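Heads up: the sequence lines are chains A and B, in that order. Per this note's numbering, the first sequence runs over residues 10 to 343. Per this note's numbering, the second sequence runs over residues 10 to 343. From the three backbone atoms N, C-alpha and C, an ideal C-beta is built for every residue, glycine too. Only a predicted model underlies this, so the values are computations on that prediction, with no experimental measurement involved. What follows is a single structure, written as structure tokens, with notes after it.
Number of protein chains: 2
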Amino acid sequence: MIIDIHGHTLAPPEVYQFQGRMVGSRGNPFAGFPKISDESIHKQLKKHVGLLQSVGTDLQFISPRPYLAMHSLQPSGMVHKWTEFVNNIIARQVELEPDYFRGVAGLPQSPGEDIRECLPELKRCMEELGFVGVQVNPDPMEGGHPTPPGLGDEYWYPLYEALVELDVPMLVHSAACCSPRESYTLHFINEESIAIMSLLDSNVFEDFPDLKVVVSHTGGAIPFQMGRFRAWRLRAGKENFDTALKKLYFDTCNYSKEALELAFKVIGPDNLLFGTELPGTGSVPNPETGYDFDNLKPVIDSIDFLTEEDRYKVYEGNAKRLYSRLNVTAAQTK
Amino acid sequence: MIIDIHGHTLAPPEVYQFQGRMVGSRGNPFAGFPKISDESIHKQLKKHVGLLQSVGTDLQFISPRPYLAMHSLQPSGMVHKWTEFVNNIIARQVELEPDYFRGVAGLPQSPGEDIRECLPELKRCMEELGFVGVQVNPDPMEGGHPTPPGLGDEYWYPLYEALVELDVPMLVHSAACCSPRESYTLHFINEESIAIMSLLDSNVFEDFPDLKVVVSHTGGAIPFQMGRFRAWRLRAGKENFDTALKKLYFDTCNYSKEALELAFKVIGPDNLLFGTELPGTGSVPNPETGYDFDNLKPVIDSIDFLTEEDRYKVYEGNAKRLYSRLNVTAAQTK
Chain A
10 MIIDIHGHTL APPEVYQFQG RMVGSRGNPF AGFPKISDES IHKQLKKHVG LLQSVGTDLQ
70 FISPRPYLAM HSLQPSGMVH KWTEFVNNII ARQVELEPDY FRGVAGLPQS PGEDIRECLP
130 ELKRCMEELG FVGVQVNPDP MEGGHPTPPG LGDEYWYPLY EALVELDVPM LVHSAACCSP
190 RESYTLHFIN EESIAIMSLL DSNVFEDFPD LKVVVSHTGG AIPFQMGRFR AWRLRAGKEN
250 FDTALKKLYF DTCNYSKEAL ELAFKVIGPD NLLFGTELPG TGSVPNPETG YDFDNLKPVI
310 DSIDFLTEED RYKVYEGNAK RLYSRLNVTA AQTK
Chain B
10 MIIDIHGHTL APPEVYQFQG RMVGSRGNPF AGFPKISDES IHKQLKKHVG LLQSVGTDLQ
70 FISPRPYLAM HSLQPSGMVH KWTEFVNNII ARQVELEPDY FRGVAGLPQS PGEDIRECLP
130 ELKRCMEELG FVGVQVNPDP MEGGHPTPPG LGDEYWYPLY EALVELDVPM LVHSAACCSP
190 RESYTLHFIN EESIAIMSLL DSNVFEDFPD LKVVVSHTGG AIPFQMGRFR AWRLRAGKEN
250 FDTALKKLYF DTCNYSKEAL ELAFKVIGPD NLLFGTELPG TGSVPNPETG YDFDNLKPVI
310 DSIDFLTEED RYKVYEGNAK RLYSRLNVTA AQTK
């Protein structure tokens with residue numbers, strides 16, 4: 010079975026019409042959620058399922074499109090409404106195609122706001138909507154000022170407490186970026202590097218040994234810059250960096266084979282989960298291979314030093330182990 | 010001959026005493042530069058030469074320690090004084106040990122200030138002090154707000170014009186970082202990724218085809234995240250990313266062998282220059298090898314797919330080709 014833990018919703022155009030209108034009017038007064046027909050949702054969903062089938066993915070976890078999360082916009086009530094609305098769309102998508110999708114919640118994060126403000130939506134998504142995971146943005150300021158507390162800061166502790174209690178893995182994934190010199194897609198990468206170093210330089214895993222953190226896009230720069238941080242931590246008398254890194258999980262959402270080979274060497278198959286972001290940035294044919302960049306299974310299949318057991322873990326085993334809320338029917342496991 | 014293009018000055022303690030006092034008093038009034046004896050300078054220099062000898066480096070380019078550049082401090086006059094002072098120390102170091110060192114200038118960058126304010130110091134270092142290169146900080150705000158214009162922005166054009174006119178390669182290297190969640194050493198990495206993408210998404214190399222840019226630390230995250238940016242640029246109908254990347258040069262200052270192997274595959278030996286940052290973050294024994302992380306020659310020597318010609322380019326040839334102000338005596342070339 011192929012489980013893709015990193016996908017985002019393909020929502021119908023009416024969803025973004027609502028976003029545009031709400032933001033334009035600052036959601037004040039809030040005019041209510043529009044009705045989106047099952048037909049409209051299903052039209053996008055058919056495309057999405059077709060894409061999964063074309064690459065042989067059996068089940069994909071989908072969350073709100075991060076670059077449209079608009080966490081830094083004010084008033085924050087707007088962000089709360091938007092997040093709730095998109096989570097509801099995702100719940101309906103999962104309900105319409107339960108063989109293909111599971112939900113990963115977005116949170117109504119707002120910079121400066123107590124992170125406890127996100128907990129009702131987290132609980133609603135887990136307990137009422139049946140989601141399996143949550144997406145957490147380490148930079149709700151979206152590249153603005155002041156920079157938010159690092160993920161190692163106690164600011165996040167009420168969230169971590171809830172995640173451990175609910176046994177929900179968090180996918181670290183930033184959103185848009187307001188700095189003109191940094192695209193959102195590059196901001197993802199930089200924020201992942203910051204998130205990893207902040208977490209591993211903190212007491213988070215001593216205080217929450219059961220916290221499950223999955224870092225998107227194969228960990229930003231860190232697997233490539235291991236030597237620098239190995240030396241940096243050795244000089245500071247800290248725990249071996251390679252050992253520390255194993256407290257985290259990573260997805261395989263990196264579109265080059267050499268980089269994935271490096272990731273498998275540095276991170277190892279126990280801590281890597283299949284993730285593609287399909288459809289997204291990588292949905293364009295790679296002239297070298299003829300198939301899309303985000304069609305990652307043939308890439309991972311072609312890494313010759315991986316064993317069958319390694320591949321099983323990455324494609325299926327690790328996801329089932331981590332995501333305890335994931336119920337997979339016998340029919341789904343071929 | 011082994012030329013290390015990425016080193017920083019080992020300055021005597023009196024230099025940092027001066028920095029502390031000047032910053033404490035905001036340099037207002039400015040009390041003048043202290044006299045630093047040749048003896049004091051030579052004491053540090055002897056250590057530094059010993060380190061180079063111990064790893065077999067014949068010649069190292071040294072610039073001001075980036076993490077102490079304090080570009081974001083106000084008043085900017087203080088930064089101008091500090092930069093001038095450190096550049097002078099470097100000039101004396103090169104004069105005392107001309108067989109081992111060449112100077113790379115720091116610039117008195119100040120956020121919001123016209124970049125032309127840096128040109129007198131640039132010219133002084135090149136024309137009076139005989140330096141061979143310059144270090145440019147893409148983030149003089151040092152992680153603060155507002156973020157500065159990306160290196161692709163016309164803000165930097167007067168500098169690029171001067172660099173082309175003087176034929177001086179610039180080493181992209183950020184400084185300190187004011188955000189508590191991001192160490193300066195991680196900020197280096199993130200700023201390099203931003204610098205690369207900003208330059209390659211701009212018209213800089215059309216407007217300045219002869220501009221020579223060397224990116225520190227083997228290019229931040231980019232060689233590892235190539236697939237993402239290949240796809241991103243293909244979708245936008247832009248020039249092939251691998252082709253675009255060849256407009257830039259990179260140093261080998263990355264302390265893991267697997268990562269350097271990836272860099273050689275992605276960047277190639279024509280665009281990589283030997284650089285170690287020795288002594289610096291990597292000056293601690295690697296428990297795996299027994300020698301320091303920043304002793305990179307044995308690492309590069311052990312990459313089995315490199316030819317003798319590749320190694321010649323990386324150790325010597327590319328540096329001589331790029332740094333036209335570098336005069337190497339016959340005695341230095343063994």
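Under 8 Å between C-beta atoms of residue i and residue j
i             : j             : result
residue 19/A  : residue 278/A : no
residue 114/B : residue 144/B : yes
residue 202/B : residue 151/B : no
residue 282/A : residue 313/A : no
residue 73/B  : residue 45/B  : no
residue 290/B : residue 91/A  : no
residue 194/A : residue 239/B : no
residue 130/A : residue 174/A : no
residue 243/A : residue 293/B : yes
residue 257/B : residue 335/B : no
residue 105/A : residue 47/A  : yes
residue 112/A : residue 50/A  : no
residue 255/A : residue 295/A : no
residue 120/A : residue 126/A : no
residue 265/B : residue 235/A : yes
residue 35/B  : residue 84/B  : yes
residue 315/A : residue 273/A : yes
Residue i in three-state terms, based on DSSP
i             : result
residue 223/B : strand
residue 273/A : helix
residue 10/B  : coil
residue 243/B : helix
residue 337/A : coil
residue 26/B  : helix
residue 310/A : helix
residue 124/B : helix
residue 331/A : helix
residue 117/B : coil
residue 185/B : coil
residue 217/A : coil
residue 192/A : coil
residue 264/A : coil
residue 207/B : helix
residue 37/B  : coil
residue 286/B : coil
residue 249/B : coil
residue 229/B : coil
residue 315/A : coil
According to DSSP, residues forming a beta bridge with residue i
i             : result
residue 16/B  : 71/B
residue 111/B : 70/B
residue 179/A : 143/A and 222/A
residue 281/B : 259/B
residue 294/A : 301/A
Close beta carbons around residue i, own chain, < 7 Å, minus the five adjacent residues each side
i             : result
residue 164/B : 124 and 158
residue 262/A : 15, 225, 226, 227, 284, 285 and 286
residue 186/B : 151, 152, 192, 193 and 196
residue 332/B : 141, 142 and 178
residue 29/A  : none
residue 138/B : 96, 100 and 112
residue 61/B  : 69 and 109
residue 76/A  : 184, 185 and 193
Nonlocal neighbours in the same chain, by C-beta distance under 8 Å from residue i, ignoring five residues either side
i             : result
residue 233/B : 268 and 271
residue 11/B  : 65, 66, 67, 68, 283, 306, 324 and 325
residue 31/A  : 39, 40, 87, 90 and 91
Cβ-based neighbour list, residue i, same chain, cut-off 6 Å, excluding 5 preceding and 5 following
i             : result
residue 200/A : 147, 148 and 183
residue 53/A  : 19 and 21
residue 176/B : 333
residue 211/B : 161
Uninterrupted beta strand (DSSP E) stretches inside the stretch 132-166 of chain A (no shorter than 3 residues): 142-145
Please go through the stretch 40-107 of chain A and give each complete alpha helix (DSSP H) segment of 4 or more residues, from N-terminal end onward. 47-64 and 85-105
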